[in-house]
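First comes the structure, then the notes that go with it.
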Amino acid sequence: MRKKMVAGNWKMNTTFQEGETLAGAIVGKKGEAPGDVLLIVAPPFTHLSALAPPLKAAGVGVAAQNCAAEAQGAYTGEVSARMLASIGVQYCIIGHSERREYYGETNAVLLKKVRQALDVGLHPIFCIGEVLAEREAGRHFDVVRTQLEDAILPLSPADFERIIIAYEPVWAIGTGKTATAGQAQEIHAYIRNVLAAKFGALAHDTVLLYGGSCKPSNAGELFAQPDVDGGLIGGASLVADDFIAIANAF
Ligand code: PEP
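Numbering (our numbering), first residue to last: 28 to 277.
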């Protein structure tokens, strides 16, 4: 049985005090979510060391939104995977489309980040997905396959077992446009097949999240698809009631 998962990406939102309040609200409402749905939150770096203990004590997983491609050294402004692990972070979002687009992160860089995260025991939440022009040209299958070939298929089976994949069509992120449940299932099944061609039965246990304007009103239909194991949630994860309602949509 694959795990059900709902992960909230806070992005560059909330002051520390606002983040404390939001985390407190999520902890307070966690009991309203089904016990078999793993909730994860990804606050900004500045919040992690203070928020990780209460979140983890409540059974909420803690993720970073990024990590450095190098282990340590003269990389001003970077935060290493080892630093994150040392404060109790368990997951790390890698390859979000905003990192790819605004910070020029290539699949080669992302493979290095994935390896850094794995080396210190973090679970990468690896994001893939096509932009609108690629979808309209019918190239979305090729795009996600290349993203997987470059940054996930080179891993050993033991490392691959610790990967979570988030399919996020870039045209659906923060736009209010969601992939239909049929579109999500079609490409999630394709992703699982690409993974299975390399990793065999292990791919049946890989958690595949959908991300892109997922909210309480559409999460139920998306999560009902056989290859959609949950969601990576942006905007709606900043409202504790909505985040919990999405977990209740399973
Ligand atoms: C995201 O950025 O990962 C995301 C899914 O954002 P939103 O839910 O706001 O579309």
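Positions of the beta carbon are idealized from the N, C-alpha and C atoms, including for glycine. Since the model is a prediction, treat every value here as computed from it, not as a measurement.
TODO: Please confirm whether any heavy atom of the ligand PEP lies closer than 8 Å to the CB of T133.
DONE: no
Open item on the list: Let's test the definition: count the other Cβ atoms within 10 Å of the Cβ of A185 and tell me whether it reaches 16, buried, or not, exposed.
Closed with: exposed
- [ ] Tell me whether A216 sits in a helix, a strand or coil according to DSSP, three-state version.
- [x] helix
Open item on the list: Just list the residues that DSSP pairs A224 with in beta bridges.
Closed with: DSSP lists no partner for A224.
Task: Short Cβ contact (9 Å threshold) for L175 with I218 - done: yes
TODO: Measure the beta-carbon distance from V33 to A274 and round it to whole angstroms, keeping in mind my assumption that it falls under 8 Å.
DONE: 5 Å
Task: Alpha carbon of L82 to alpha carbon of A223, nearest angstrom - done: 34 Å
TODO: Whole angstroms is fine: what's the gap from M28's alpha carbon to A101's?
DONE: 43 Å
Open item on the list: Considering Cα atoms alone, identify which of I53, P243, E59, I179 is closest to T205.
Closed with: P243
TODO: Pick out whichever of S240, L180, A98 has its Cα sitting closest to the Cα of T207.
DONE: S240
Task: Three-state class that DSSP yields for F277 in the structure shown - done: coil
Task: Rounded straight-line distance, which links the Cα of A276 to that of F97 - done: Here residue 97 is Glu; the residue named in the question, Phe, does not match the sequence. Those two C-alpha atoms are separated by around 39 Å.
TODO: Mark D256 as exposed unless 16 or more other C-beta atoms lie within 10 angstroms of its C-beta, in which case mark it buried.
DONE: buried
- [ ] Examine the ligand PEP and report whether any of its heavy atoms sits within less than 8 Å of the Cβ of C154.
- [x] yes
Task: Endpoints, the beta strand (DSSP E) within which L236 is located - done: 235-238
Open item on the list: Using 9 Å as the threshold, is the C-beta distance between I260 and N36 below it?
Closed with: yes
- [ ] Hey, could you find the ends of the alpha helix (DSSP H) L134 is sitting in?
- [x] Residue identity check: residue 134 is Asn in the sequence provided, not Leu. It spans 134-146 - the alpha helix (DSSP H) in which N134 sits, taken as one unbroken run.
Open item on the list: Excluding the 5 residues flanking P61 on each side, which residues of the same chain have their C-beta closer than 8 Å to its C-beta?
Closed with: K31, A274, N275, F277
TODO: State buried or exposed for H123, treating a residue as buried only when at least 16 other CB atoms are found within 10 Å of its CB.
DONE: buried
Task: Y130 - DSSP class collapsed to helix/strand/coil - done: coil
TODO: Determine the direct distance from the alpha carbon of G88 to that of Q117, and round the result to whole angstroms.
DONE: 7 Å
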